[in-house]
Each structure stands twice: as structure tokens, then as C-alpha cells.
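Enquirer: Next up is a structure, given as C-alpha cells.
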Amino acid sequence: MNKIHYGACASSLLLALSLPAQAERADRDKPIHLEGDRLSIDDIKNVKILEGNAVLIQGSMELRTSRLVVTQDADGFQKAVATGGANGLAHFRQKREGVDEFTEGEAERIEHDARSEITQFFVRAWVRNGLDEVKGAYISYDALNEKYLVTTAGGTSKSATGTGQARVRAIIQPKAKNVEPSPADKKSEPLTLKPAAKISPRAD
């Protein structure tokens, strides 16, 4: 299977992608469920802090992390900031609209805005949509407009191996083509000679 790789060493490289990744439309109308080992609530500031195996679930969208801070604006929209998790990475997952596939990603910090449906991934960022995936120091995933923005950090941030993240990377799978082959492209079947059924050799 062919893969297309994009890479560059510019210090402020931007990679804008438009991939078929629209999120489940019904998610924004679902209630938000919060779970964790510890929960503190500040009703005056509308801030909730979960620590230890923290989980935020809204419809098909999930955030899993070590520490989760959830704030609410005057209109009731939630904003969640997830930090830490397995190997220091928070995890995001959301079902795509109309198909049995998920968009998922990881980063050291993930910020999800329920109003704009934009999810931002900071440091060691990685997002996969079906078989397509992008990596960089920063990724912005716009679920409403089906777009990604990926940037580098000029090599100033370090990956898990200690190397500077001076590249963004994308793997875009080729789309399947449902095109009938032309008659010229079809291979002709070999001819097979068969004896006629009711013909006897003539006796001279």
C-alpha cells in the first residue's frame, strides 16, 4: 500500500490538512460525564479539577488523562485541559460522523473546547483519522470544518527519544477508486477449442 510522507525542517513549518474527519454531530448535545480518583469543585469560578485516572466523556468523545481541569463559560459550554497520562500523554478519542471509525490522538497537554469543537494537542502531538495520521509539536483539530493544523517547535521541544521536534509528518493513504477498467485494460481470456457434440467423422 502506498504512503505519502510530507516533511520539512523549517523552524515554523505549518501543515494544513483537510481530511474527511467530521466528528459525530450529536456529541455536542450530550451531557458531559466526569470521573476520577479525586474531584474538587469551585462553584464560584465554575472550575472542576479531577486527578488520578481522570475521564471526560461526552457522547462518543473521550478524554483520558492524569489531571483534568474543566471550566464552564457563561453560556454553559465546557472547556477541558488534560495533562499527563500513560507515558506522560493524555489521550483523545471521538467517533467520526456516519462511519464506524474514530479520530484519536495523544499529547502531553490536550485542550478541548466544546463551543468551537476545536481540540488542541501540545508537545509530542499525534492524531490519527482512520489510516491517515499527523505528528508534530502542535496539532489543532477542527471537528466542525474537518481540518487539521500542524506546526513544529523549531526543534526546541524534545520528543520521547530526546531529539528535537523540527518536523511535522503526515501519512495520507490513497483513496480507493471505484472505476471500471476500460475494455482495452481487460485481459482477454485464452480461447479453448472443444469438439462439436453430435458430429461424427465422415467415412470415405
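Under mature numbering (1 follows the signal peptide of the UniProt record, and there is no 0), the residues of the sequence shown are numbered -23 to -1, 1 to 181, in order.
In this text, a Cβ means the ideal position worked out from N, Cα and C, and glycines have one as well.
Just confirm the distance between the C-beta atoms of leucine 33 and leucine 45, as a whole number of angstroms; I'd bet it's less than 8 angstroms.
Expert: Leucine 33 to leucine 45, Cβ: 6 angstroms. Contact.
Enquirer: Whose CA, out of Ala102, Thr96, Glu88, Arg41, lies closest to the CA of leucine 121?
Expert: When only C-alpha atoms are compared, the closest one is Thr96.
Enquirer: Looking only at its chain, what residues have a beta carbon closer than 6 angstroms to the beta carbon of glutamine 55, apart from the 5 residues adjacent to it on each side?
Expert: Excluding residues within five positions, the ones whose Cβ falls inside 6 angstroms are Ile9, Val47, Gln49, Ala91.
Enquirer: Would you kindly check if the distance between the Cβ of tyrosine 125 and the Cβ of tyrosine 115 is under 7 angstroms?
Expert: For tyrosine 115 and tyrosine 125, no; Cβs fall outside 7 angstroms.
Enquirer: Which same chain residues end up closer than 6 angstroms to glutamine 71 when comparing Cβ atoms and leaving out the 5 residues on each side of it in sequence?
Expert: Once the five neighbours on either side are set aside, the close Cβ partners of glutamine 71 are Ala(-1), Ser37, Met38, Thr80.
Enquirer: From the DSSP output, in three-state form, read off alanine 51 for me.
Expert: Coil at alanine 51, not helix or strand.
Enquirer: Could you tell me the boundaries of the beta strand (DSSP E) in which lysine 124 lies?
Expert: Looking at the DSSP string, the run of the beta strand (DSSP E) that includes lysine 124 is 124 to 128.
Enquirer: Please specify which runs of the beta strand (DSSP E), each continuous and at least 3 residues long, are wholly inside the region 49 to 89, giving them in chain order.
Expert: Counting only runs of 3 or more, we get 55 to 60, 67 to 72, 79 to 84.
Enquirer: Please confirm whether arginine 101 and glutamate 88 have their CB atoms less than 7 angstroms apart.
Expert: No; because the gap between Cβ atoms is not below 7 angstroms, this pair is not in contact.
Enquirer: Judging by CA-CA distance, which residue of Glu83, Ala57, Gln35, Phe69 is the nearest neighbour of asparagine 23?
Expert: Nearest of Glu83, Ala57, Gln35, Phe69 to asparagine 23, Cα basis: Ala57.
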